[in-house]
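Residue numbers (the UniProt record's numbering): 1 to 276. Idealized CB from N, CA, C, for every residue including glycine. Below: one structure, written as structure tokens.
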Ligand SMILES: NC(=O)c1ccc[n+]([C@@H]2O[C@H](COP(=O)([O-])OP(=O)(O)OC[C@H]3O[C@@H](n4cnc5c(N)ncnc54)[C@H](OP(=O)(O)O)[C@@H]3O)[C@@H](O)[C@H]2O)c1
């Protein structure tokens with residue numbers, strides 16, 4: 001009898017995280033579903049127990065809370081997870097000067113800090129497994145700066161950089177590392193962002209993203225980065241080779257950052273307050 005495998009999936013209450021959790025359960029993994037909305041997680045856990053006969057646990061946690069990753073790690077310590085999927089994340093879509101400082105701090109906390117700390121906390125368990133798997137959900141936004149989505153794209157550039165480095169650090173172990181880079185996908189992402197300005201590039205389905213993730217999880221690629229959508233793959237190869245100024249000009253136009261910049265920002269003397 002083969003040992004059961006346990007997968008921790010963040011962002012499992014919606015979209016890509018839920019899709020990947022379903023795919024892993026269908027491949028006979030027990031799952032630990034992590035996000036804030038406990039009702040959504042409980043409903044998915046019920047669905048997966050019934051459909052696949054797997055064990056499904058729920059950890060309702062806010063990953064913007066600095067204590068969040070440690071709470072997840074404590075909750076799964078006895079399970080010895082083999083798989084970690086960091087899918088929790090969100091984006092904001094204004095020029096930096098117009099962003100809400102508290103919201104962008106939360107964005108960095110969830111997309112960067114929580115992903116990094118949770119990866120670090122669970123890595124020993126993943127490395128101890130004969131079939132360890134780490135999937136970090138990055139984005140095609142990680143391949144260039146994106147004016148108008150500056151913070152989001154920078155968080156995803158971090159995720160790609162971190163994940164590729166961890167892949168190199170763990171070569172020679174049994175761990176498979178995947179840096180999953182979807183193009184725009186129809187999830188709740190754009191509702192949360194409050195705009196569709198993010199929809200730059202080839203739109204892909206949740207099923208396509210999950211399919212690429214599951215194929216990349218077999219770990220046969222020369223690099224850990226898996227871009228979803230053939231046009232997105234072409235763009236991801238070409239963009240870093242183009243003049244940076246051209247890339248910035250084109251992306252600023254695509255996201256509408258240029259038009260928004262043209263509304264002048266003035267700083268009221270002595271107050272530090274901005275006025276338009
Ligand atoms: N959809 C796209 O176009 C696209 C493209 C490229 C990359 N991505 C990336 O894919 C990942 C999944 O996004 P999605 O498209 O599936 O969007 P989604 O449907 O909005 O799902 C986002 C998930 O992140 C969780 N989350 C957000 N803030 C959280 C917090 N503070 N604490 C815990 N969990 C939190 C949400 O759960 P709760 O709200 O229940 O907490 C939800 O489960 C993200 O990292 C995103 O950046 C998305």
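Unbroken beta strand (DSSP E) run spanning residue i, endpoints
{"i": "residue 176", "result": "176–181"}
Distance between beta carbons of residue j and residue i, contact taken as under 8 Å
{"i": "residue 151", "j": "residue 182", "result": "Not really, about 18 Å apart at Cβ, beyond 8 Å."}
{"i": "residue 29", "j": "residue 5", "result": "5 Å"}
{"i": "residue 14", "j": "residue 176", "result": "In fact, because the Cβ distance is near 25 Å, the residues do not count as touching under 8 Å."}
{"i": "residue 217", "j": "residue 133", "result": "5 Å"}
{"i": "residue 112", "j": "residue 163", "result": "Contact flag wrong, Cβ pair sits at about 12 Å."}
{"i": "residue 157", "j": "residue 16", "result": "Actually they do not touch by this definition, with Cβ atoms about 19 Å apart."}
{"i": "residue 20", "j": "residue 210", "result": "6 Å"}
{"i": "residue 72", "j": "residue 119", "result": "Rounded, the Cβ-Cβ distance is 11 Å, inconsistent with contact."}
{"i": "residue 174", "j": "residue 130", "result": "5 Å"}
Proximity test, residue i beta-carbon vs ligand 1 heavy atom, cut-off 7 Å
{"i": "residue 100", "result": "no"}
{"i": "residue 205", "result": "no"}
{"i": "residue 87", "result": "yes"}
{"i": "residue 281", "result": "The structure shown does not extend to residue 281, since the chain spans only 1 to 276, so no value can be given for it."}
{"i": "residue 148", "result": "no"}
{"i": "residue 227", "result": "no"}
{"i": "residue 42", "result": "no"}
{"i": "residue 75", "result": "no"}
{"i": "residue 36", "result": "yes"}
{"i": "residue 192", "result": "yes"}
Cβ neighbours of residue i in the same chain (closer than 6 Å, five flanking residues each side left out)
{"i": "residue 270", "result": "Here residue 270 scores only 43 on pLDDT, less than 50, and its place in the model should not be relied on; the value that follows carries that caveat. So no residue of the chain qualifies."}
{"i": "residue 8", "result": "32, 76, 81 and 84"}
{"i": "residue 219", "result": "176"}
{"i": "residue 277", "result": "Absent from the model: residue 277. The displayed extent of the chain is 1 to 276, so no value can be given."}
{"i": "residue 212", "result": "226 and 228"}
{"i": "residue 1", "result": "A caution first: residue 1 carries a pLDDT of 49, below 50, which makes its placement in the model unreliable, though a value can still be read off. So the list is empty, once near-sequence residues are dropped."}
Cβ shell of residue i (< 7 Å), same chain only, five flanking positions each side left out
{"i": "residue 143", "result": "236, 239 and 240"}
{"i": "residue 55", "result": "30"}
{"i": "residue 37", "result": "13"}
{"i": "residue 104", "result": "92 and 151"}
{"i": "residue 68", "result": "61, 62 and 114"}
Proximity below 8 Å, CB of residue i to CB of residue j
{"i": "residue 10", "j": "residue 63", "result": "yes"}
{"i": "residue 61", "j": "residue 32", "result": "no"}
{"i": "residue 252", "j": "residue 89", "result": "no"}
{"i": "residue 52", "j": "residue 26", "result": "yes"}
{"i": "residue 338", "j": "residue 255", "result": "Any answer about residue 338 is impossible in this case: the structure gives the chain only from 1 up to 276."}
{"i": "residue 136", "j": "residue 115", "result": "yes"}
{"i": "residue 195", "j": "residue 127", "result": "no"}
{"i": "residue 277", "j": "residue 47", "result": "Absent from the structure is residue 277, since the part of the chain shown begins at 1 and ends at 276."}
N-terminal and C-terminal residue of the alpha helix (DSSP H) that residue i is part of
{"i": "residue 232", "result": "230–238"}
{"i": "residue 6", "result": "That residue, residue 6, is in no alpha helix (DSSP H); its beta strand (DSSP E) goes 5–10."}
{"i": "residue 157", "result": "150–169"}
{"i": "residue 74", "result": "68–76"}
{"i": "residue 128", "result": "115–128"}
{"i": "residue 226", "result": "From DSSP, residue 226 is part of no alpha helix (DSSP H) but of the beta strand (DSSP E) over 225–227."}
{"i": "residue 56", "result": "Where residue 56 is concerned, there is no enclosing alpha helix (DSSP H), although the beta strand (DSSP E) it sits in stretches over 56–60."}
{"i": "residue 39", "result": "38–52"}
beta-carbon residue i near ligand 3 non-hydrogen atom, thresh 7 Å
{"i": "residue 17", "result": "With respect to ligand 3, the structure shown offers nothing to examine, as its ligands consist of ligand 1."}
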